[in-house]
Amino acid sequence: MNKLLLYKTISLALSVLVLFSTMSFTIEKHYCGNNLVDKAIFSKVQKCSGMNNEKDDLVKKPCCEDVVDVVEGQDKLNTSEFQKLDLDLQPVLAIFLYTYSLTINSLPKETIPHRYYSPPNLIKDIQLLDEVYLI
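Numbering (UniProt numbering), first residue to last: 1 to 135.
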C-alpha cells in the first residue's frame with residue numbers, strides 16, 4: 001500500500017513538473033511614475049487615466065509605463081529512446097518490460113498463526129514410548 005502511494009505521488013509530482021516547465025506565460029506591470037499600480041498574469045493590466053489619452057502621447061511623454069515580462073517555457077522535450085528503436089523491436093521490448101514489472105511485485109505478507117506459540121515442555125519422548133519410528 002505504501003509503495004503504491006509513493007509511486008502515485010512521485011508520478012503526480014513529475015507530471016506537474018513537466019506541465020509547469022513547458023508552460024509559458026506573461027507578467028504585465030503598469031507603473032505610474034515609479035509606483036506599481038497594477039500587475040496581471042495571463043491577462044492585460046488595467047491602465048490608469050493617464051494612458052487612455054492617445055492625443056497626449058504625440059505631444060508629450062506619458063508618465064505611465066507598461067512593462068511586460070515573458071516567461072517562456074521549455075518547448076523542446078527529449079523524445080524517449082523507445083521511439084528511436086526499430087519497429088520490430090518495440091513490441092518485444094514493451095512485452096518484456098510489462099512481464100518483468102509483474103514479477104517484481106512483492107507478495108503480501110502472510111500471517112503465521114503459531115508464530116508466538118511455544119510448545120509444551122517435553123517430559124518423555126512419546127515416539128520412544130510408543131516405539132513409532134519413521135523409516
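All C-beta atoms, glycine included, are put in the ideal place defined by N, C-alpha and C.
Who are the near neighbours of residue i in its chain, counting only those whose CB is closer than 7 Å to its CB and skipping five residues on each side?
{"i": "Cys32", "result": "Cys48, Gly50, Cys63 and Cys64"}
{"i": "Val37", "result": "His30, Tyr31 and Cys48"}
Between residue i and the rest of its own chain, which residues show a CB-CB distance below 6 Å, the 5 nearest in sequence each way excluded?
{"i": "Lys39", "result": "Lys29"}
{"i": "Arg115", "result": "none"}
For the alpha helix (DSSP H) that contains residue i, what are its first and last residues?
{"i": "Ile135", "result": "From DSSP, Ile135 is part of no alpha helix (DSSP H); its letter is neither H nor E."}
{"i": "Tyr2", "result": "Here residue 2 is Asn; the residue named in the question, Tyr, does not match the sequence. First-last of the alpha helix (DSSP H) with Asn2: Asn2 to Thr22."}
Please confirm whether residue i and residue j have their CB atoms less than 9 Å apart.
{"i": "Val71", "j": "Thr26", "result": "yes"}
{"i": "Asp75", "j": "Thr22", "result": "yes"}
{"i": "Gly73", "j": "Ser24", "result": "yes"}
When the Cα atoms are used, what is the spatial distance from residue i to residue j?
{"i": "Tyr100", "j": "Leu6", "result": "20 Å"}
{"i": "Asp66", "j": "Leu97", "result": "54 Å"}
{"i": "Ile135", "j": "Lys124", "result": "21 Å"}
{"i": "Val46", "j": "Phe20", "result": "Residue identity differs from the one stated: residue 46 is Gln in this sequence, not Val. Answer to the nearest angstrom: the Cα atoms are 26 Å apart."}
{"i": "Leu17", "j": "Ser118", "result": "55 Å"}
Going by DSSP, what residue range makes up the beta strand (DSSP E) through residue i?
{"i": "Tyr31", "result": "Phe25 to Cys32"}
{"i": "Asp69", "result": "Cys64 to Val71"}
Any heavy atom of the ligand MG within a distance shorter than 8 Å of the CB on residue i?
{"i": "Pro91", "result": "By its list of ligands, the structure shown contains no ligand whatsoever, and the ligand MG lies outside what it can speak to."}
Helix, strand or coil, according to DSSP, for residue i in the structure here?
{"i": "Asp130", "result": "helix"}
{"i": "Val45", "result": "coil"}
{"i": "residue 159", "result": "Since the first residue of the chain shown is 1 and the last is 135, residue 159 is not available in this structure."}
{"i": "Pro91", "result": "helix"}
To which residues of the same chain is residue i closer than 8 Å at the C-beta, ignoring the five residues directly before and after it?
{"i": "Lys44", "result": "Glu28"}
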